[in-house]
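Numbering (UniProt numbering), first residue to last: 1 to 613.
Quick reminder that beta carbons are idealized off the backbone N, C-alpha and C, glycines included.
Everything below concerns the one structure shown next.
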DNA sequence: ATAGGGTTAG
């Protein structure tokens with residue numbers, strides 16, 4: 001059971017401090033790092049210029065070479081190398097520093113997908129005896145994550161970490177914060193936190209980097225905890241817009257509505273509500289906490305909006321299953337002169353998929369290419385495969401994959417496999433999973449999906465085979481977990497196979513409800529069980545699913561007329577879905593369940609997803 | 001000159 005208490009702290013913090021801290025100008029981080037269009041790849045650099053510099057180096061005319069360098073917007077890697085070599089030959093440390101600082105100024109090199117080049121240059125610098133300073137280290141650390149996140153680059157990062165310690169740069173807040181962020185982006189949460197804890201001086205940026213690390217690596221609880229710690233421990237460090245965005249994301253992931261509301265209040269108090277990313281994060285937080293209306297209200301109050309704000313709203317309607325509304329907002333955005341981004345399309349196509357709007361989805365997919373001149377990416381194909389596959393047009397979905405002009409990634413095959421599960425298509429599932437096991441051998445979800453499909457087809461030998469495969473690779477099925485917020489406290493439940501003490505009361509209630517509802521037509525959907533057992537055993541297993549425990553807990557602990565809000569870490573299983581529909585009718589309760597993909601709104605025996613799980 | 005954040009699909 002988890003509970004946290006940001007609320008009381010936020011309140012007390014503000015009440016004993018009557019004068020707000022000096023407002024720091026909200027700093028929207030310069031986005032050049034992640035904005036490929038801001039790099040200079042399109043500037044035509046004079047390749048003759050590079051050649052000229054290089055030959056000057058070879059002739060030993062370092063002075064002229066350096067002069068030309070200052071006029072060259074895009075020096076190549078070779079140019080830098082020859083310059084550095086030339087400096088070494090002439091034992092001119094001061095010139096080497098000039099080259100070095102030029103490299104630093106050209107930091108965009110690091111960020112424009114030239115990570116490898118930067119790392120190579122760094123290696124050369126070390127070889128030629130040019131020492132690095134704190135600027136070098138930040139660029140080089142960034143270079144490790146700028147290219148694809150391969151493990152070799154993580155090792156490079158660790159080496160550089162060692163260099164940093166050896167040269168005493170662990171006192172630089174900038175260098176250490178970049179290091180935290182580097183480990184965060186590689187998913188090495190423990191490393192990041194070790195570095196963070198060891199930092200002698202921390203500022204808002206360092207705290208925000210660590211909070212973002214947790215939020216991004218599926219540890220939202222730790223993110224909120226660290227935020228709280230920041231509020232308690234530091235008396236001169238206040239969260240800013242960037243910090244708030246990360247904490248909001250964590251609240252959204254947890255569906256921690258009460259905490260989210262208090263963050264909202266804090267944002268208003270500190271005047272952070274004019275900052276677009278903050279507002280977008282708020283919209284999403286409310287939507288993911290099941291309060292779509294509140295998200296819409298926040299959106300309505302914005303005086304300016306960018307494409308991200310619109311995308312936030314579109315996807316919010318999408319996960320709640322309001323496909324038409326999502327399309328309507330998408331069109332309104334275009335009418336207001338905001339051009340859709342690739343993510344707008346992903347959001348609106350996803351919305352169509354959740355609502356089963358096949359024709360509209362196809363129309364939007366065409367118009368994306370025709371009217372908006374966008375070339376669909378893998379993600380868009382994945383949406384289309386999902387859209388068609390869910391609607392039982394599996395052949396059409398497979399055809400889309402065949403016709404793709406780019407390599408279908410794991411997302412695309414994953415969508416197909418998911419659709420095969422819904423429509424029990426063993427043959428196609430085997431094809432898709434074969435590709436998936438090659439592409440992402442360590443994703444346990446794929447094995448479980450395939451096993452599900454075999455189990456539904458009563459192919460128990462195959463189920464066993466897939467399970468063995470899963471174990472052989474050292475993976476395991478992720479346990480189902482559901483949680484519910486009652487009176488500002490989070491209560492979390494894990495699926496249980498046996499009776500166990502803390503849940504005894506809930507399980508007794510479930511058994512009672514189950515037999516009562518069976519009389520009214522509820523049929524346990526035992527095909528979701530991956531063990532070849534007899535019916536009675538299977539029924540016992542599905543009754544122990546975490547979501548049912550959470551429902552039972554909600555029934556006991558909410559007042560009449562109060563909605564039960566549950567969040568789940570996996571997809572909702574068919575049995576829990578059907579069970580919850582019955583409960584909503586017979587207990588006369590409104591129940592809102594958010595699973596990994598979307599919301600299910602149960603009322604009077606019906607679910608908003610239209611049984612489109 | 002250097003560090004942290006927003007929207008996304010099974």
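Burial state of residue 287 is buried, judged by a 10 Å Cβ sphere holding 16 or more other Cβ atoms. Annotation for residue 299: the continuous alpha helix (DSSP H) segment containing it runs 292 to 300. Residue 389 is positioned such that its CB atom lies no closer than 8 Å to that of residue 433. When secondary structure is reduced to three states using DSSP, residue 577 falls in the helix class. About 4 Å separates the beta carbons of residue 295 and residue 283, which is inside the 8 Å limit, making them a contact pair. In the DSSP assignment, residue 235 forms no beta bridge with any residue. Pairwise C-beta distances place the stretch 420 to 431 in contact with the stretch 443 to 462, as three or more of them are shorter than 8 Å. The way I'd put it, the stretch 603 to 611 doesn't touch the stretch 506 to 517; fewer than three beta-carbon pairs between them come closer than 8 Å. For residue 600, the pairing in a beta bridge is given by DSSP as 593.
Closest in C-alpha terms to residue 293, from the list 308, 304, 316, 275, comes 316. Here DSSP, grouped into helix, strand and coil, assigns residue 424 to coil.
Under a 10 Å Cβ-count criterion, residue 51 is classified as exposed, with fewer than 16 other Cβ atoms of the shown protein chains found around its own Cβ. Residue 602 and residue 509 have their C-alpha atoms roughly 20 Å apart. Per DSSP, reduced to three states, the secondary structure at residue 567 is strand. As the crow flies, the alpha-carbon of residue 201 is around 37 Å from that of residue 302. Using a Cβ distance threshold of 8 Å, residue 549 and residue 493 count as a contacting pair. Cβ-Cβ distances below 7 Å link residue 244 to 263, 267, 272, 278 in the same chain, with the five nearest sequence neighbours on each side left out; the list follows chain order. For the pair residue 290 and residue 231, the Cα-to-Cα distance works out to about 27 Å.
Taking 8 Å as the upper bound for CB-CB distance, residue 54 and residue 78 are in contact here, some 6 Å apart. Restricting attention to 570, 578, 583, the CA atom closest to the CA of residue 564 is found in 583.
Around the C-beta of residue 171, fewer than 16 other C-beta atoms lie within 10 Å, and the residue is accordingly described as exposed. A direct Cα-Cα distance of roughly 18 Å separates residue 57 from residue 73. The closest CA to that of residue 360, considering only 377, 375, 383, 374, is found on 383.
In the structure shown, residue 188 falls within a coil segment according to DSSP collapsed to helix, strand and coil.
Cβ-Cβ distances below 8 Å link residue 463 to 451, 454, 455, 530, 532 in the same chain, with the five nearest sequence neighbours on each side left out; the list follows chain order. For residue 442, the closest alpha carbon among the candidates 93, 410, 506 is that of 410. With contacts defined as CB atoms closer than 8 Å, residue 215 and residue 249 qualify as a contacting pair. The alpha-carbon separation between residue 355 and residue 322 amounts to approximately 7 Å. Scanning its chain for C-beta atoms nearer than 8 Å, with the 5 sequence neighbours on each side dropped, one finds around residue 333 the residues 307, 310, 314, 340, 344, in chain order. Ranked by how close their Cα comes to the Cα of residue 444, the residues 535, 473, 298 have 473 in first place. Between residue 328 and residue 353, the alpha-carbon positions lie close to 15 Å from each other.
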